[in-house]
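Just so it is clear: in the sequence shown, position 164 is 230 by this note's numbering, and no numbers are missing.
Where is the CB? At the ideal position from N, CA and C, for every residue including glycine.
Shown next, in structure tokens, is the structure this report addresses.
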Amino acid sequence: MSEFKKPSSEQEFEQNFQQLKPLMNETEAYYESSRCLFCYDAPCVKACPTEIDIPLFIRQINSGDIDGSASTIYASNYFGNTCGKVCPTEVLCEGACVFTEQNVKPIEIGRLQNHATKQAIEKNKKLVNLGDSNGRKVAIIGAGPSGISCACELRTLGYEVDVFEAKEKPSGLSVHGVAPYKITNEEALIEMDYLQSQFGYTVKYNSSVQSKEDIQKLEANYDAVFLGIGLGDTSTVGIPGEELENCLGATEWIEELKMDHLDANIGRKVVVLGGGNTAMDAASESARMGAESVTLAYRRSADQMGAYAFEWDLAKGVGVQGEFNATPIEILGNDKVEGVRFKRTGSQNGKLIEVEGSEFEIPCDMVIKATGQRKQTDFLTLIDGIQTDVKGRIEIDVYGRSGDTKFFAGGDAVNGGAEVVNAAAEGKMAAVGIHEYLIS
Ligand code: SF4
67 MSEFKKPSSE QEFEQNFQQL KPLMNETEAY YESSRCLFCY DAPCVKACPT
117 EIDIPLFIRQ INSGDIDGSA STIYASNYFG NTCGKVCPTE VLCEGACVFT
167 EQNVKPIEIG RLQNHATKQA IEKNKKLVNL GDSNGRKVAI IGAGPSGISC
217 ACELRTLGYE VDVFEAKEKP SGLSVHGVAP YKITNEEALI EMDYLQSQFG
267 YTVKYNSSVQ SKEDIQKLEA NYDAVFLGIG LGDTSTVGIP GEELENCLGA
317 TEWIEELKMD HLDANIGRKV VVLGGGNTAM DAASESARMG AESVTLAYRR
367 SADQMGAYAF EWDLAKGVGV QGEFNATPIE ILGNDKVEGV RFKRTGSQNG
417 KLIEVEGSEF EIPCDMVIKA TGQRKQTDFL TLIDGIQTDV KGRIEIDVYG
467 RSGDTKFFAG GDAVNGGAEV VNAAAEGKMA AVGIHEYLIS
């Protein structure tokens with residue numbers, strides 16, 4: 067049973083989706099930064115995909131140099147504020163902090179990161195002196211973490227950069243897909259405004275690149291094109307009833323929640339299908355939207371779920387129930403969802419098997435499928451010479467370039483779906499690759 071009432075005002079929505087990592091005040095930041103041992107060869111740095119110099123930025127906070135601290139963070143990660151809030155720090159930097167070996171609470175690196183970056187954003191602190199233009203232009207498709215990180219880095223290298231974004235807002239999943247209790251849209255967008263004002267790239271919103279002609283125009287007008295296109299819609303499960311009203315894809319539903327808040331569709335009894343981090347988000351969010359019951363159904367056992375353990379703990383903490391070794395075989399209902407029929411699963415010689423005669427049903431009025439997202443393979447077939455692997459991920463060389471083309475790529479479309487911090491790191495790396503390739 068969920069402890070949350072359906073929010074009926076924006077204030078109640080904010081209460082239900084209270085920030086997991088609230089901002090620190092000066093005293094908290096001073097105290098927390100004082101605990102850091104400023105380790106040599108610090109394991110927290112090695113665990114960060116963007117290799118932020120964590121001991122240095124924490125020391126700068128401790129000595130009162132907040133601007134310097136923010137500069138240290140942004141020098142490695144253009145999504146410094148967003149990542150402080152949305153990174154799974156429990157398994158990255160904080161999970162690697164030396165204190166964990168002594169059963170002592172690790173340093174709250176994410177919150178300290180926000181302490182510095184938030185102030186830099188509010189003061190519009192100058193991050194870089196952009197040099198003269200080198201006369202070359204790069205187009206970026208997608209204003210998500212990989213695309214924007216690539217844009218920022220290219221601007222420091224003297225390129226003119228135009229970002230083409232299909233939606234009306236930037237930031238990709240940070241705005242459209244990350245749970246509202248991790249970051250608010252307002253906060254994600256403020257960082258995007260800050261980066262654009264600091265680095266001076268252009269973003270063309272509502273500008274979807276979708277035809278061969280669009281692509282040929284980009285090829286003709288730019289020296290290189292970066293694909294930060296992310297992933298597509300939720301994949302179908304391939305069972306009867308998926309077309310019923312209130313059977314939704316997790317990505318689409320979470321986007322609706324992020325954009326419409328109170329007006330987002332929510333059932334009284336919700337079943338979430340899947341065992342990854344998106345399933346955990348969808349389940350927690352359903353509970354916080356006031357669903358009376360939320361059941362997360364996964365076809366294998368709880369310890370085989372792909373989600374981080376802390377995400378499952380978070381979901382259980384808001385009343386989500388687990389139904390394991392249960393594979394969906396039909397979504398039930400006439401026009402609208404009325405339930406899900408499952409079959410029990412087991413393991414035989416290490417393989418997942420369905421147990422005959424073990425069918426059972428869970429009544430519900432909403433199903434959220436968190437069973438993976440499609441790759442953008444249809445779009446990619448429009449680009450001559452682009453290379454993809456058997457899973458539909460873009461294949462790239464050491465420059466981040468795909469095949470014998472002008473196209474470079476990074477983020478989810480290359481890694482198959484990872485964290486914001488991975489996309490930020492890959493976008494920045496691709497910018498360096500584009501530069502090396504164009505000057506070689
Ligand atoms: Fe500080 Fe922990 Fe990193 Fe050491 S491992 S530098 S104590 S945050």
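Distance between beta carbons of residue j and residue i, contact taken as under 8 Å
| i | j | result |
| --- | --- | --- |
| Val486 | Pro211 | 5 Å |
| Ile397 | Val406 | 6 Å |
| Glu231 | Thr148 | Wrong, their Cβ atoms sit about 16 Å apart, outside the cutoff. |
| Cys216 | Lys494 | 7 Å |
| Phe344 | Ala436 | It should be pointed out that residue 344 corresponds to Thr in this sequence rather than to Phe. Their Cβ separation, rounded to whole angstroms, is 5 Å, which keeps Thr344 and Ala436 in contact under 8 Å. |
| Gly213 | Ile206 | 5 Å |
| Pro109 | Ala162 | 4 Å |
| Gly146 | Gln179 | 6 Å |
Residue range of the unbroken alpha helix (DSSP H) whose run includes residue i
| i | result |
| --- | --- |
| Cys218 | Pro211 to Thr222 |
| Thr268 | Note, Thr268: premise wrong, no alpha helix (DSSP H); beta strand (DSSP E) at Thr268 to Lys270. |
| Met495 | Val486 to Ile505 |
| Glu377 | Ala375 to Gly383 |
| Pro109 | Pro109 to Lys112 |
| Val152 | Gly146 to Val152 |
| Cys159 | Cys159 to Ala162 |
| Thr183 | Ile175 to Lys189 |
| Val77 | Reading off the sequence shown, one finds Gln at residue 77, where the question assumed Val. Per DSSP, Gln77 belongs to the alpha helix (DSSP H) from Glu76 to Asn82. |
DSSP bridge partner residues for residue i (one or two, in chain order)
| i | result |
| --- | --- |
| Cys102 | None, per the DSSP bridge assignment. |
| Ser367 | Beta-bridge pairing links Ser367 to no other residue. |
| Asp19 | Outside the modelled stretch of the chain, which goes from 67 to 506, sits residue 19, for which no answer is possible. |
| Gln414 | Lys417 |
| Ile460 | Thr454 |
| Asp228 | Ala205 and Thr268 |
| Ser359 | Lys335 |
| Met346 | Beta-bridge pairing links Met346 to no other residue. |
| Gln439 | Thr300 |
| Arg407 | Glu396 and Glu427 |
| Arg467 | Phe474 |
| Val433 | Cys313 and Val337 |
| Gly402 | The question names Gly, but residue 402 is Lys in the sequence shown. The partner list for Lys402 (beta bridge, DSSP) reads Glu311. |
heavy atom of the ligand SF4 below 7 Å from residue i C-beta
| i | result |
| --- | --- |
| Phe104 | yes |
| Val164 | yes |
| Cys153 | no |
| Ala108 | yes |
| Ile139 | no |
| Ile173 | yes |
| Ile124 | yes |
| Pro121 | yes |
For residue i, the nearest candidate out of the options (CA to CA)
| i | options | result |
| --- | --- | --- |
| Glu117 | Ser137, Cys105, Asn143 and Leu255 | Asn143 |
| Val403 | Gln81, Ile434, Leu103 and Tyr374 | Ile434 |
| Thr183 | Ala254, Cys159 and Thr222 | Ala254 |
| His501 | Glu160, Val464 and Ile305 | Val464 |
| Val291 | Ala489, Phe70 and Leu504 | Leu504 |
| Val456 | Thr443, Asn312 and Glu219 | Thr443 |
| Leu380 | Met346, Val360 and Gln370 | Met346 |
| Gln282 | Ser129, Thr471 and Gln264 | Thr471 |
| Gly333 | Thr411, Thr344 and Thr361 | Thr361 |
| Gly499 | Gln179, Gly476, Ala136 and Gly304 | Gly476 |
| Gly423 | Gly356, Lys112 and Thr411 | Thr411 |
| Glu188 | Val338, Lys233, Gly150 and Ala136 | Ala136 |
| Phe408 | Gly399, Ile395 and Asp401 | Ile395 |
| Glu69 | Lys417, Gly385, Phe83 and Gln453 | Gly385 |
| Gln414 | Ala108, Cys110 and Arg366 | Arg366 |
| Thr296 | Glu279, Ile305 and Lys233 | In the sequence on display, residue 296 carries Gly and not Thr. Residue Lys233 is the option with its Cα nearest to Gly296. |
| Glu427 | Gly399, Asp369 and Thr447 | Gly399 |
| Ser350 | Glu377, Asp326 and Met325 | Glu377 |
| Asp228 | Leu293, Glu318 and Arg177 | Leu293 |
| Ala42 | Gly341, Arg221, Leu193 and Gly483 | In the structure as shown, the chain begins at 67 and stops at 506. Residue 42 is therefore absent and cannot be evaluated. |
| Val157 | Tyr374, Ala353 and Ser263 | Tyr374 |
| Phe54 | Glu358, Gly451, Glu98 and Leu323 | Past the edges of the chain, shown from 67 to 506, lies residue 54, and the structure says nothing about it. |
Where the beta strand (DSSP E) containing residue i begins and where it ends
| i | result |
| --- | --- |
| Ser474 | It should be pointed out that residue 474 corresponds to Phe in this sequence rather than to Ser. Phe473 to Ala475 is the span of the beta strand (DSSP E), which, as asked, contains Phe474. |
| Cys313 | Cys313 to Gly315 |
| Gln387 | Gln387 to Phe390 |
| Ala330 | Segment: none, Ala330 is in no beta strand (DSSP E) and carries neither H nor E. |
| Val11 | This structure leaves residue 11 out entirely; the chain is present only between 67 and 506. |
| Phe538 | Any question about residue 538 goes unanswered here, given that the chain covers just 67 to 506. |
| Val291 | Ala290 to Leu293 |
Contact test: residue i Cβ vs the ligand ZN heavy atom, cutoff 7 Å
| i | result |
| --- | --- |
| Leu220 | In terms of ligand content, the structure shown lacks the ligand ZN and carries the ligand SF4 instead. |
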